[in-house]
Every structure is written in structure tokens, then in C-alpha cells.
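Number of protein chains: 2
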Amino acid sequence: MSGMNASKGTEAKIVVVDDEPSIRELLVASLHFAGYEVETAASGSEAIEVIERTKPDLIILDVMLPDIDGFTVTRRIRQEGIDAPVLFLTARDDTQDKVMGLTVGGDDYVTKPFSLEEVVARIRAILRRTREHVEDDPVIRVGDLEINEDSHDVTRAGRPIDLSPTEYKLLRYLMDNEGRVLSKAQILDHVWQYDWGGDAAIVESYISYLRKKVDDLEVTDEDGTKHKVQPLIETKRGIGYMIRVPRS
Amino acid sequence: MSGMNASKGTEAKIVVVDDEPSIRELLVASLHFAGYEVETAASGSEAIEVIERTKPDLIILDVMLPDIDGFTVTRRIRQEGIDAPVLFLTARDDTQDKVMGLTVGGDDYVTKPFSLEEVVARIRAILRRTREHVEDDPVIRVGDLEINEDSHDVTRAGRPIDLSPTEYKLLRYLMDNEGRVLSKAQILDHVWQYDWGGDAAIVESYISYLRKKVDDLEVTDEDGTKHKVQPLIETKRGIGYMIRVPRS
DNA sequence: AGAGGACATTCAGGAAACCTTCAGACGGCG
DNA sequence: CGCCGTCTGAAGGTTTCCTGAATGTCCTCT
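Structure follows, in C-alpha cells:
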């Protein structure tokens with residue numbers, strides 16, 4: 324699943340609140356595997372109880388809940404002195420005014436249906452900005468390939484690269500799992516929205532696009548000689564894809 | 324999330340006084356995240372107690388409170404020797420004479436409904452004038468683009484630029500977050516009033532206005548040659564907007 | 001070597017995101 | 001009261017992206 328560079332500082336505690344079991348499980352599995360400690364709640368009232376008991380570092384909160392809606396839950400726990408940032412889950416067709424004011428403070432939101440990469444990226448961005456952690460670096464590196472999660476910049480050997488949103492998400496997922504083979508199914512599940520109905524063949528197309536932009540470059544050395552960059556994206560036939568600095 | 328240049332001197336302590344929980348939360352979340360230490364009070368009497376106890380550097384005070392009004396609160400705490408500046412929150416339809424005399428000393432006011440940028444900008448301006456801090460610079464720079472928070476002047480390559488109030492707030496928010504992509508929702512939440520009910524599409528319009536004034540200029544060099552300025556505002560498709568000196 | 005399967009590449013249509021402009025509404029100011 | 005700058009919503013045009021399909025290439029097993 325979404326295995327990250329588990330190295331990152333202390334593991335954060337996250338509470339997931341959603342009434343749909345499938346969404347809950349999806350998030351729990353991913354986040355747990357990504358190294359977070361996860362608790363869940365299926366309703367607003369349960370959420371308040373769980374949050375006050377466990378004092379999480381971050382809360383993932385569906386705004387549409389059977390009993391108490393997400394905004395009210397937020398207000399209640401804030402009154403109790405809990406100031407953990409909230410990542411709201413909203414339906415795309417929610418009226419705009421409902422979404423208003425959601426991005427103040429450390430809070431943020433994603434619209435359903437989301438892709439896991441979106442959620443994980445947002446969580447990291449929030450935690451990076453919220454926690455005191457001075458050492459937190461918005462840059463992810465694999466060899467001479469870098470992506471900056473703040474500016475969304477991508478560079479190879481210092482040279483800027485332009486990626487489309489989906490290309491960026493795919494590359495980010497690969498880099499987050501450097502040295503680990505990811506199946507096409509895994510990639511589909513993380514980079515594309517969870518309600519995607521299409522074919523896994525689209526992964527091949529996007530790998531191809533990515534390779535052309537990232538691995539098919541010529542750079543000029545200090546001494547003026549041109550040479551191709553080392554390809555970083557490897558195909559593991561029958562298994563999937565992986566990114567890493569190739570072994571000699 | 325405003326005032327991101329967290330680097331700024333020592334964190335100031337602020338007391339927020341308002342009887343509406345939603346306003347309180349909005350301000351607490353934003354200011355806390357912006358690096359301020361925040362306490363709250365929901366009434367005039369509570370305000371006096373909290374202010375005398377915590378000795379804040381600045382007070383945000385709604386003039387319309389259920390028990391003791393804001394002016395009286397100010398008078399009382401002044402009698403107790405507390406001279407922290409006050410940022411008053413007033414209703415737009417408050418008669419002019421009520422607002423009169425609010426800006427004496429270090430004090431200032433904003434009208435409800437406000438935008439977060441307005442509040443944060445005023446807070447910074449007040450603290451800049453109040454504190455000894457010699458190193459505080461009212462000028463924000465990105466490349467050859469400068470805005471002066473004291474005079475509200477905007478210049479590009481030395482040339483003055485006229486901006487409308489909303490254009491200025493938008494530019495200021497972008498520059499305060501140089502090199503970080505801001506979503507349209509974030510921009511809406513910070514630059515527009517918190518009770519805004521409209522569409523996020525308005526952000527696109529204002530980005531367009533801003534570009535025409537800021538990024539679509541011709542300047543004349545010392546040697547008489549004309550050339551276009553580098554565009555500083557970048558679109559990150561599917562993510563948002565960002566300002567910075569472009570890479571290479 | 002050949003067949004079959006897995007992967008790579010390319011392309012075009014449609015969709016989505018974005019840019020720009022404009023007219024009307026609104027409010028401040030003379 | 002009328003003018004003027006500003007704000008807002010909407011429309012139209014443009015660019016970029018996504019997706020599915022078609023075709024080509026490489027690997028593997030027999």
C-alpha cells in the first residue's frame with residue numbers, strides 16, 4: 324500500500340471519521356501502512372469521544388455525518404482545547420459556501436472521490452507546517468531527481484521539468500516508495516480516484532509519459548560534454564514498476 | 324496560515340475577544356497557525372480577567388459584546404496599567420462617531436465581515452509600530468516587485484503600480500507565501516470576507532487583473548532598450564497559484 | 001524460431017481548467 | 001445627485017490534460 328519513507332520523525336496519531344465503512348477501511352489501511360497510528364469513528368458523537376480521549380495530531384473528518392456534522396464536531400473539540408488540524412472530506416457538489424473557511428489555520432480539505440495520494444500529500448503538508456519540526460524538508464529526492472512539495476517543482480540534475488497533475492502524483496507515489504516495486508493495481512489505487520472504473524492500462528501510458536520527461540534527458544556537464552541521464556524508473560516485468568538509483 | 328514568514332521575531336501573545344464562537348475559532352486557528360500565542364474571551368468581563376492575567380502584546384476586541392462593550396473594556400484595562408494596542412472589530416453600519424477615536428494611540432479597527440488578510444495585515448502593522456524591533460521592515464520583496472505595508476505602495480522595477488484594495492490584498496497574500504502554491508480555496512478564505520458566498524472563479528478574474536498590472540509590463544533599461552518583465556505569478560494547473568522569481 | 005503475452009508508444013476526441021473581457025450593480029465622493 | 005472606481009457573475013475562447021484505443025516492440029517459454 325502507501326508505504327512511505329517511514330523514517331520521518333515520530334509517528335503521528337490520526338483519527339479517521341467517516342460513516343462509510345469502505346472509506347474508513349481504505350484510509351485506515353493506507354495510513355497505518357504509511358506509519359501513522361490510526362483510530363476511527365463512524366459518527367460525529369463517537370468522533371468527539373475518540374478525539375478527546377486520544378488527542379490526535381490530525382483529524383480526517385467527513386463533513387457529512389449521520390448525526391453531528393463535521394463543522395459542529397470541529398467547533399466542539401476546539402472548545403475542549405483540542406487544536407489539532409483537520410482534513411475535511413467533502414462531496415464535490417457541496418455548495419461552495421460550505422467549503423468556505425475550511426482552509427484557515429492548518430486545516431485543509433479534499434473532495435470525494437479522492438485519490439490516496441491526494442490525502443497522503445495533504446496530510447504531510449499539514450503536519451509539515453503545523454509541527455514545530457524544524458528539520459522538515461518539503462523536498463523528496465531520488466538520485467538527482469527532486470520534487471518540492473511546497474512549490475510542486477520537479478527538477479532533474481537541476482533542470483526544471485513540467486509535469487501534469489497526474490504525472491506529478493504518479494511520480495510522487497513512486498518516489499515515496501523508492502526501491503519498492505509497485506504493482507499496476509497499487510498504482511491505480513493510489514494515484515487515481517477510488518471510484519475509478521477504467522483500465523489498468525492507463526498506468527502504462529502514464530509511465531511512458533513520465534519516462535519521456537524524467538528519464539529521457541540529455542544534460543551538459545561542467546566540462547561541456549553531453550550525456551544521457553541514468554533512467555530511474557525500472558520495469559519489473561510481471562510485477563510492476565519501481566524508482567531508484569540503479570545498481571551500477 | 325497567513326503571515327507565513329514564521330521567521331519573524333519573538334512570537335507575540337494575542338487575546339481574541341468575541342462572543343460569536345465561529346469568529347473566535349476563525350481567528351484563533353489563523354493566528355495560532357501564523358505563529359502567535361492566542362487566548363480567548365467570550366464576554367467583556369471575561370476579557371478583562373484574561374487580559375489582566377496574560378498581559379498580551381495585542382488585543383482583538385469586538386466592540387459589541389453581551390455585557391460590557393469594547394470601549395469600556397479598553398478603559399478598564401487601561402486603568403489597570405495595561406497599554407497593549409487594541410484592534411477593534413466593528414459592524415459596518417456602526418455610526419461614524421462610534422468609530423471615531425478608535426485609532427488613537429496604537430489602536431486600529433476593522434469592520435465585520437473582514438478578510439483574514441485585513442486582520443493579519445493590521446496586526447502586523449500595529450506590532451511593527453508598537454514594538455521596539457528595529458529590524459522590522461515594512462517592505463516585502465519578490466524579485467524586483469515590492470510592496471510597502473506602511474504606505475501600501477507597490478512598485479515593479481522602481482515603477483509605481485496602482486492596485487485596487489482587493490488586488491493589493493491578493494498580491495500581499497501571494498508574496499507572503501512566496502514559492503508556495505496556494506489553492507483557490509485558500510486564496511478565497513484569506514483574501515475575501517469570511518461570509519463570502521460566491522464562486523471561487525472570482526480568484527481567476529483577480530489573478531488576471533493582477534497579471535495585467537504586475538506581470539505585463541515593459542520597462543526601459545539604463546541603455547534605453549525596452550524589454551518585458553519576467554512574469555512572477557505562476558499557474559499550477561489543478562493546484563493553484565504561486566508567486567516567485569521563476570527558475571532559470 | 002515462433003507464438004503469445006506483457007509492456008511501450010502514440011494519437012485523437014472530449015473534457016476540464018483556465019484566461020480574459022464585459023456589463024451591471026454597488027458604494028464612495030465631490 | 002451624478003460620476004467614477006471597484007466588485008461580481010457570466011460568457012466565450014483558449015490551452016492543457018485525460019482517457020481509450022490502436023499499433024509496435026520486447027521478452028519468455030516452448
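Going line by line, the protein sequences match chains A and B. Be aware that the first sequence starts at 324, since it is given in the working numbering, and climbs by one per residue. Be aware that the second sequence starts at 324, since it is given in the working numbering, and climbs by one per residue. Ideal placement from N, C-alpha and C gives every residue a C-beta, glycine not left out. On a predicted model such as this, the values are computed, not experimentally measured, just so you know.
Neighbouring residues, chain A, relative to residue i (Cβ below 9 Å)
| i | result |
| --- | --- |
| Glu348(B) | Thr397, Arg398, Arg401, Gln402, Val427, Gly428 |
| Pro344(B) | Arg398, Arg401, Gln402 |
| Ala352(B) | Arg401, Asp406, Pro408, Val427, Gly428, Gly429, Asp430 |
Endpoints, beta strand (DSSP E) assigned at residue i
| i | result |
| --- | --- |
| Arg482(A) | 482–484 |
| Gly563(B) | 563–566 |
| Leu468(A) | 468–471 |
| His550(B) | 549–551 |
| Val465(B) | 462–465 |
| Leu431(A) | Reading off the sequence, residue 431(A) comes out as Asp, not Leu. Here the beta strand (DSSP E) through Asp431(A) covers 431–435. |
| Glu541(B) | 541–543 |
| Thr478(B) | 477–479 |
| Val339(B) | 336–340 |
Within chain B, the residues that residue i reaches when beta carbons sit closer than 7 Å
| i | result |
| --- | --- |
| Arg563(A) | With the sequence shown as reference, residue 563(A) is identified as Gly, and Arg is not the correct amino acid for it. Within chain B, no residue comes near Gly563(A); the closest Cβ sits about 25 Å away, beyond 7 Å. |
| Gly424(A) | Leu349, Asp512, Tyr517 |
| Pro483(A) | Arg570, Ser571 |
| Asp406(A) | His355 |
Beta-carbon separation (whole angstroms), residue i vs residue j, contact threshold 8 Å
| i | j | result |
| --- | --- | --- |
| Ile371(A) | Leu410(A) | Not a contact, Cβ separation roughly 17 Å. |
| Ser536(B) | Ala523(B) | Sequence check: residue 536(B) is Lys here, not Ser. At roughly 21 Å, the Cβ-Cβ gap does not stay under 8 Å, so Lys536(B) and Ala523(B) are not in contact. |
| Tyr529(B) | Thr558(B) | That pair is no contact at about 13 Å. |
| Pro408(B) | Thr363(B) | With a Cβ gap of about 18 Å, Pro408(B) and Thr363(B) do not count as contacting. |
| Pro389(A) | Ser366(A) | 6 Å |
| Asp385(B) | Leu412(B) | 4 Å |
| Asp512(B) | Val427(A) | 6 Å |
| Arg468(A) | Leu555(A) | Sequence check: residue 468(A) is Leu here, not Arg. Going by Cβ atoms, the distance from Leu468(A) to Leu555(A) rounds to 6 Å, so yes, they are a contact pair. |
| Val542(B) | Arg482(B) | 7 Å |
| Gln516(B) | Pro436(B) | 4 Å |
| Ala444(B) | Glu472(B) | 7 Å |
| Asp476(A) | Arg570(B) | 7 Å |
Alpha helix (DSSP H) segment containing residue i, residue limits
| i | result |
| --- | --- |
| Thr489(B) | 488–499 |
| Glu440(A) | 439–453 |
| Arg560(A) | First-last for Arg560(A): undefined, no H or E at that position. |
| Glu527(A) | 524–537 |
| Val514(B) | 507–514 |
Contacts of residue i in chain A (Cβ-Cβ under 8 Å)
| i | result |
| --- | --- |
| Arg560(B) | Ser487, Pro488 |
| Leu439(B) | Val427 |
| Gly466(B) | Residues of chain A passing the Cβ test: none, with the nearest at roughly 15 Å. |
Sub-8 Å separation of residue i and residue j beta-carbons
| i | j | result |
| --- | --- | --- |
| Asp431(A) | Ile449(A) | yes |
| Gln509(A) | Gly563(A) | yes |
| Met498(A) | Val526(A) | no |
| Asp392(B) | Ala335(B) | no |
| Val339(A) | Ile374(A) | no |
| Arg479(A) | Val396(A) | no |
| Glu501(A) | Arg567(A) | yes |
| Val351(B) | Glu440(B) | no |
| Glu360(B) | Arg401(A) | no |
| Lys492(B) | Ser531(B) | no |
| Met565(A) | Arg503(A) | yes |
Per-residue contacts from residue i into chain B (C-beta, under 8 Å)
| i | result |
| --- | --- |
| Asp476(A) | Arg570 |
| Asp380(A) | Result: empty, since nearest Cβ-Cβ is about 14 Å, beyond 8 Å. |
| Asp473(A) | Gly502, Arg503, Val504 |
Under 7 Å from the C-beta of residue i: neighbouring residues of chain A
| i | result |
| --- | --- |
| Ala335(B) | Those do not exist, as Ala335(B) stays about 17 Å from chain A at its closest Cβ, beyond 7 Å. |
| Gln509(B) | Thr426 |
Worksheet item: At what residue ranges does the stretch 347–420 of chain B contain a whole run of the alpha helix (DSSP H), taking only runs of 4 or more?
Response: 367–377, 393–402
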